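Below you'll find the structure, written out as structure tokens, and then a few comments.
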Amino acid sequence: MPVQAINDNYQGEVLDAKANFAGNVIIYFGWDEHLMFCAPKAFPLPPQMTFADVISQIMPEAFGQHPEFNEIDWSQAQWQLDRRPISPKPEQTLAELGADHKSCFRLRTPGLTGYKGMGI
Amino acid sequence: MAKKLNIKEKYRLLTRDLDWEFSYQDRKKAFPYEEFEGIKITDWSKWEDPFRLTMDSYWKYQAEKEKKLYAIFDAFQQNNGHLNVSDPRYVNALKVFLTGVSPLEYQAYQGFAHVGRQFGGVGARVACQMQAIDELRHVQTQIHAMSHYNKYFDGLQEFSHMHDRVWYLSVPKSFFNDARAAGPFEFMIAIGFSFEYVLTNLLFVPFMSGAAHNGDMATVTFGFSAQSDEARHMTLGLEVIKFLLEQHEDNVPIVQKWIDKWFWRGTRLLTIVAMMMDYMLPNKVMSWKEAWEVYFEEAGGALFKDLARYGIRMPKYSDVIEKEKEHLSHQAWWTFYTHGHAAGFHTWIPTDEELDWLSEKYPDTFDKYYRPRWELAKELEAKGERFYTSGLPQLCQTCQIPMLFTEMDNPGEICYRDHVHEGERYHFCSDGCHDIFVDEPEKYVQAWLPVHQILQGNCGGPGVEEVLSEYYRMNLGVDNMDMKGSPDEKRWKQWKGVA
Ligand SMILES: [Fe+2]
Ligand SMILES: [Fe+2]
Ligand SMILES: [Zn+2]
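Residue numbers (this note's numbering), protein chains in the order written: chain W, 1 to 120; chain U, 1001 to 1499.
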């Protein structure tokens, strides 16, 4: 049963429907082994944004405070999108990569394992 | 003249013989909420009244307690009781309590008033009505106790406004909203049983002994005054579950599902208490892990052994919960420390002594996973770059807590769970929160997630600063940010005559 309700066929209003974000979609980014950031972060982004722009504009805003951020070799970065491994090309857009509203990217940076190698 | 009734007779008259017989009205219309949850009640008269209290004796007891309580509040104020707290950092625990917990007392009042009308059995109705009045008293006495601190410390002045809006306060608020939006029986398993009977000890005992250890007589006093009410609430919670389980065997799986759900939700909610105990009390009582072992594993374990004869087992994911006791408080305080710019209270790096205490209390996890975070924070602070994280966190759709919890078989990795419902993707902090959503998606798609509301432009803005100051009504630079250099700290030093 989709809900235990006193009325039949009760339907909830989807508060975070894509239509409510003025053309943007919400995209989450998490950086594995870097728990200096306590949780992944949320950004409203246009689906046509290229991955190159994600790297140059969104990544510094999300993770630039980390002492290892400037050491990231983006050509070696490993990505997951909604739990599937992907190899994004810089010119691909979020939409072309298959990222939709409330999709989640996870970043792994081989060789960089956080403050003092402790996953922080 | 009629003979004076003894208390038992009075109670019988109050709870039995004054109830209506439905001779010309449809009983089902009078109690419309009683059946839709699937719970079967065959005989309300089997309800064992847990606390045979009549209205007149109830008022008498409560009035006496109030008299004593307010006499102590008066003395506390006249003697500037706030100067006796152990350390001004302590008051931040009170800010969390007043903004996060006291409004739940009000929601408990609303919830019990509702079920106190809707149950078909008059004994259950009377017990719930009395608890409703108790809960209203609790919120009032807590506000009155804290009002003295509000004169001297920042961050208490907008507690009720903040409860409705601030990002982290949506966690306790939505917890109670979930319970109140459920049917009356689920509400009773959620609040009466899971929360009051099992988990409330983990809230009140540490909190009240924390207050005692930290020189806060106002809080200790309201704690004592609420204690006899709580004893009544716990008895009611236990009676409810036994009654439901004895009424019909079909009730067992429904009750078990509610137990699974509400213990999970309860442990998520108590994360904030874990953090208060381990990080916010300058004089420690016991660690969260120790409290969890005493009040949940031992006391709760015995209870579930007792319920096994009805076919009830330990809540689902108890094994995960057991491992999490080593991690919760550390993950939560790091979250608040790094979001200290967006919190309505002060945060700080634990002192060296406190870090050592944490290592001693958490020998298997603290040095390995958490001490390095504080070393990093110290390094940054020393460079004049006190760390406040940028951006907004991803939240769990069910508990609404940022996705800060890690995998218990790999505590260095964030726990990601998701589910697609009718084309929309939803994210969860845990299997527990995932399962709750999947069971009733039409309920949780409606979650008012603070981060998404900000990003939709529903909380003012455009920037986070305006959201914090205008929509949340935080006094920026005063209520929030680090304890070091705060106006709270400055005033304290002046009062104490230290530089
Ligand atoms: Fe209460
Ligand atoms: Fe209570
Ligand atoms: Zn959750």
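The C-beta atom is built at its ideal place from N, Cα and C for all residues, glycine as well.
This one's a predicted model, so the numbers in the text were calculated from it and none came from an experiment.
- Neighbourhood of residue 1425 (chain U) in chain W, by CB distance below 9 Å: 82, 100, 101, 102, 103 and 104, in chain order.
- Here the distance from the Cβ of residue 1179 (chain U) to the nearest heavy atom of ligand 1 is not below 7 Å.
- Here DSSP, grouped into helix, strand and coil, assigns residue 1221 (chain U) to helix.
- Taking CB atoms only, residue 1036 (chain U) has a neighbour in chain W less than 8 Å away.
- The beta-bridge partner set that DSSP reports for residue 41 (chain W) consists of W:29 and U:1393.
- Think of a sphere of 7 Å around the beta carbon of residue 30 (chain W): the chain U residues whose beta carbon falls inside it are 1414, in chain order.
- Collapsing the DSSP output to three states places residue 1235 (chain U) in a helix.
- At a cut-off of 8 Å between beta carbons, residue 1373 (chain U) contacts chain W.
- Taking 8 Å as the CB threshold, residue 1387 (chain U) lines the interface with chain W.
- Listed by position along the chain, the residues with Cβ atoms less than 5 Å from a non-hydrogen atom of ligand 1 are U:1105, U:1135 and U:1138.
- At a cut-off of 7 Å, the beta-carbon of residue 1415 (chain U) does not count as near ligand 3: no heavy atom of the ligand is closer than that.
- At a C-beta separation below 7 Å, residue 1403 (chain U) has these neighbours in chain W: 39 and 40.
- Between residue 1364 (chain U) and chain W, the shortest Cβ-Cβ separation is not below 8 Å.
- A straight line joining the alpha-carbon of residue 1284 (chain U) with that of residue 1273 (chain U) spans about 13 Å.
- According to the DSSP assignment, residue 1125 (chain U) belongs to no beta strand (DSSP E) but to the alpha helix (DSSP H) extending over 1122-1150.
- Between ligand 2 and residue 1239 (chain U), a heavy atom-to-CB distance of less than 7 Å is absent.
- In the structure shown, residue 1267 (chain U) falls within a helical segment according to DSSP collapsed to helix, strand and coil.
- Secondary structure note for residue 1333 (chain U): it is in no beta strand (DSSP E), and the uninterrupted alpha helix (DSSP H) holding it is 1328-1338.
- Inside the region 1372-1436 of chain U, DSSP marks whole beta strand (DSSP E) runs of 3 or more residues at positions 1410-1414, 1417-1421 and 1424-1428, from first to last along the chain.
- When secondary structure is reduced to three states using DSSP, residue 103 (chain W) falls in the strand class.
- A Cβ-Cβ separation of about 4 Å places residue 1219 (chain U) in contact with residue 1211 (chain U) under the 8 Å criterion.
- With a cut-off of 7 Å, the C-beta of residue 1428 (chain U) is classified as near ligand 3, since at least one heavy atom of the ligand falls inside that distance.
- Annotated three-state conformation of residue 1027 (chain U) is helix, per DSSP.
- Within chain U, the residues whose beta carbon sits less than 8 Å from that of residue 62 (chain W) are 1390 and 1391, listed in sequence order.
- Between the alpha carbons of residue 1058 (chain U) and residue 1019 (chain U) lies a distance of about 20 Å.
- Residues of chain U with a Cβ closer than 8 Å to the Cβ of residue 65 (chain W) are, in chain order, 1387, 1389 and 1390.
- Following the DSSP letters along the chain, one finds residue 86 (chain W) inside the beta strand (DSSP E) bounded by residues 84-86.
- Between residue 59 (chain W) and residue 94 (chain W), the C-beta gap is not smaller than 8 Å, which leaves the two residues out of contact.
- A residue is called buried once 16 or more other Cβ atoms fall within 10 Å of its Cβ, and residue 1428 (chain U) is buried on that count.
- In terms of Cβ geometry, residue 114 (chain W) and residue 33 (chain W) form a close pair [threshold 8 Å].
- Using a Cβ distance threshold of 8 Å, residue 1197 (chain U) and residue 1118 (chain U) do not count as a contacting pair.
- Rounded to whole angstroms, residue 8 (chain W) and residue 1444 (chain U) show a C-alpha spacing of 17 Å.
- When the Cα atoms are used, residue 1026 (chain U) and residue 1051 (chain U) turn out to be separated by approximately 30 Å.
- Counting along the chain, residue 1059 (chain U) sits inside the alpha helix (DSSP H) bounded by residues 1055-1078.
- Spanning the alpha carbons of residue 1223 (chain U) and residue 25 (chain W) requires a straight line of approximately 47 Å.
- Within its own chain, the residues whose Cβ lies closer than 6 Å to the Cβ of residue 1217 (chain U), once the five positions on either side in sequence are excluded, are 1076 and 1081, listed in chain order.
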